[in-house]
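Structure, rendered in structure tokens:
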């Protein structure tokens, strides 16, 4: 049974669905990279992007997670859940601020199917952008799972990967070790008309807190037949 909570209704949402729902077989979940864009530093945004990071609070054997590791927002898919709802399910590990979430955007190349692997399961990757608000205090809604670690430059994470890789979750290492972030940033600036703001795909009355409350009651696919 599909447990989708958001409501379709416009061209932007249709475009978002085409971007996100392009694979027939669902993955085990989604990881999200949130790239902060400083409107006053276009060149630096391209050459030295900043990424939102969390600190994991609890270990979880099934997803190779250790307490204290640096991570990106991520979440395992719920049984019967579509990818768009799964993507929204990662957001409580970023913020409970609906205005901030509506300020996020993505492009037609933002969604990468099966980009990472956590243990034996493939996870998709969603790369989104926050233009401005870099000085805004951000508190994850899902405070039981993660605490905010703040914005880190890509080169800082790569340096940490070399010096102390155990501080990073394995999927973070996979993401920062490739070219996916660089391509996403390049596309964001090269094709501004392809940007899809979250504000255009979410209903006006959408509440991340209410979404999170309903979704948390659903069972994960990990450990069950998909």
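Residue numbers (the working numbering): 226 to 451. Heads up, the beta-carbon is just placed ideally off N, CA and C, and yes, glycines get one too. Every value quoted in this text rests on a predicted model; they were computed, and no experiment measured them.
What would DSSP say about residue i, mapped onto helix, strand or coil?
i: residue 253; result: coil
i: residue 422; result: strand
i: residue 338; result: strand
i: residue 288; result: helix
i: residue 441; result: coil
i: residue 261; result: strand
i: residue 224; result: Only positions 226 to 451 of the chain appear in this structure, which leaves residue 224 out of reach.
i: residue 302; result: coil
i: residue 330; result: strand
i: residue 402; result: coil
i: residue 354; result: strand
i: residue 314; result: helix
i: residue 371; result: strand
i: residue 275; result: strand
i: residue 389; result: coil
i: residue 295; result: strand
i: residue 383; result: helix
When you compare only the Cα positions, how much space is there between residue i and residue j?
i: residue 418; j: residue 329; result: 15 angstroms
i: residue 283; j: residue 259; result: 22 angstroms
i: residue 437; j: residue 370; result: 13 angstroms
i: residue 416; j: residue 308; result: 24 angstroms
i: residue 423; j: residue 351; result: 13 angstroms
i: residue 428; j: residue 373; result: 27 angstroms
i: residue 361; j: residue 421; result: 22 angstroms
i: residue 408; j: residue 431; result: 31 angstroms
i: residue 332; j: residue 353; result: 8 angstroms
i: residue 281; j: residue 413; result: 29 angstroms
i: residue 291; j: residue 442; result: 23 angstroms
i: residue 451; j: residue 269; result: With a pLDDT of only 34 at residue 451, under the threshold of 50, the placement of this residue in the model should not be trusted; the figure read from the coordinates follows. Cα to Cα, residue 451 sits roughly 42 angstroms from residue 269.
i: residue 392; j: residue 324; result: 31 angstroms
Could you name the residues of the same chain whose beta carbon sits closer than 7 angstroms to that of residue i, not counting the 5 residues immediately before and after it, in chain order?
i: residue 264; result: 356, 357
i: residue 366; result: 317, 320, 321, 433, 434, 437
Nearest by alpha-carbon distance to residue i: which of the options is it?
i: residue 335; options: 318, 404, 387; result: 404
i: residue 445; options: 285, 410, 303, 340; result: 303
i: residue 305; options: 410, 254, 382; result: 254
i: residue 252; options: 340, 390, 383; result: 340
i: residue 382; options: 443, 297, 312; result: 297
i: residue 279; options: 410, 286, 293, 396; result: 293
i: residue 349; options: 390, 266, 396; result: 396
In chain order, what residues of the same chain have a beta carbon less than 6 angstroms from the beta carbon of residue i, not counting five sequence neighbours either side?
i: residue 440; result: 314
i: residue 261; result: 275, 355, 359, 376
i: residue 347; result: 252, 339
i: residue 327; result: 423, 424
i: residue 398; result: 386
Give me the Cβ distance between residue i and residue j, rounded to the nearest whole Å; I'm assuming they're in contact under 8 angstroms.
i: residue 301; j: residue 447; result: 5 angstroms
i: residue 363; j: residue 274; result: The Cβ separation is near 17 angstroms, so there is no contact.
i: residue 256; j: residue 299; result: 4 angstroms
i: residue 343; j: residue 288; result: 5 angstroms
i: residue 295; j: residue 394; result: 7 angstroms
Quick one: what's got a C-beta closer than 8 angstroms to residue i's C-beta in the same chain, skipping five residues either side?
i: residue 379; result: 273, 274, 275, 276, 401, 406
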